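In this note's numbering, the protein residues as written are 561 to 731.
Each residue gets a CB set at the ideal place from its N, CA and C atoms; glycine is no exception.
Since the structure is predicted, the reported quantities are computational estimates derived from the model, not experimental observations.
Notes follow once the structure below has been shown.
Below, the structure is given as structure tokens:
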């Protein structure tokens, strides 16, 4: 059975206890943006005590601040967030490949397709950081120095340890 075939039943159960319908489009309660990885083992709401309405949680492969920038700017400029927390995690798949290896894989799956070859060469699949702490620090530096991120923004960087559930502050 495909995952989507259970969506309606799970949503019915969710709706039966849903009591947040009166939340308005407004500043998140904690004025917080959390940037984290798309890894299915990462659950920022449970791990950080974030309730519905508390924060904007932005997820992408590796928890890249660069990829999240568009959403950060919308969150800050239109919805009033003033704090950003970057969360990367141990045992991240983003450290298991290179741009070249993934590009080659995609091209080999569509041999002779020039559109695929051109398009894949335009994608940067991962930042070239040597280790996890460097990755977090690099994203924090990027945000603190970016001219479009509001200057009064508090930006912190964290690592979530997937084997223990603990988080540690890096920056």
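- In this structure, residue 727 keeps its C-beta atom at 7 Å or more from the C-beta atom of residue 696.
- Sequence-distant partners of residue 720 (beyond 5 residues in either direction) whose C-beta falls short of 8 Å from its own C-beta, in its chain, are 596, 602, 607, 647, 648, 649, 650, 726 and 727.
- Going by DSSP, residue 574 is part of the alpha helix (DSSP H) stretching over 567 to 577.
- Excluding residues up to 5 positions away in sequence, 588, 590, 592 and 594 lie with their Cβ nearer than 6 Å to the Cβ of residue 615 in the same chain.
- The C-alpha of residue 634 lies about 25 Å from the C-alpha of residue 682.
- Following the DSSP letters along the chain, one finds residue 630 inside the alpha helix (DSSP H) bounded by residues 625 to 639.
- Counted as a single uninterrupted DSSP element, the beta strand (DSSP E) harbouring residue 620 occupies residues 615 to 620.
- Cβ-Cβ distances below 6 Å link residue 613 to 583 and 589 in the same chain, with the five nearest sequence neighbours on each side left out; the list follows chain order.
- Counting of Cβ neighbours within 10 angstroms places residue 714 among the exposed residues, the total staying below 16.
- Using a Cβ distance threshold of 7 Å, residue 670 and residue 676 count as a contacting pair.
- Three or more beta-carbon pairs separated by less than 8 Å link the region 698 to 705 to the region 625 to 632, which places the two stretches in contact.
- In the three-state DSSP reduction, residue 727 falls in the strand class (E or B).
- Excluding its 5 nearest sequence neighbours in each direction, residue 663 has C-beta neighbours in its own chain below 7 Å: 680 and 681, listed in chain order.
- In the structure shown, residue 564 falls within a helical segment according to DSSP collapsed to helix, strand and coil.
- Judged by DSSP in its simplified three-state form, residue 581 adopts coil rather than helix or strand.
- In the DSSP annotation of this structure, the continuous segment of the alpha helix (DSSP H) that includes residue 692 starts and ends at 692 to 705.
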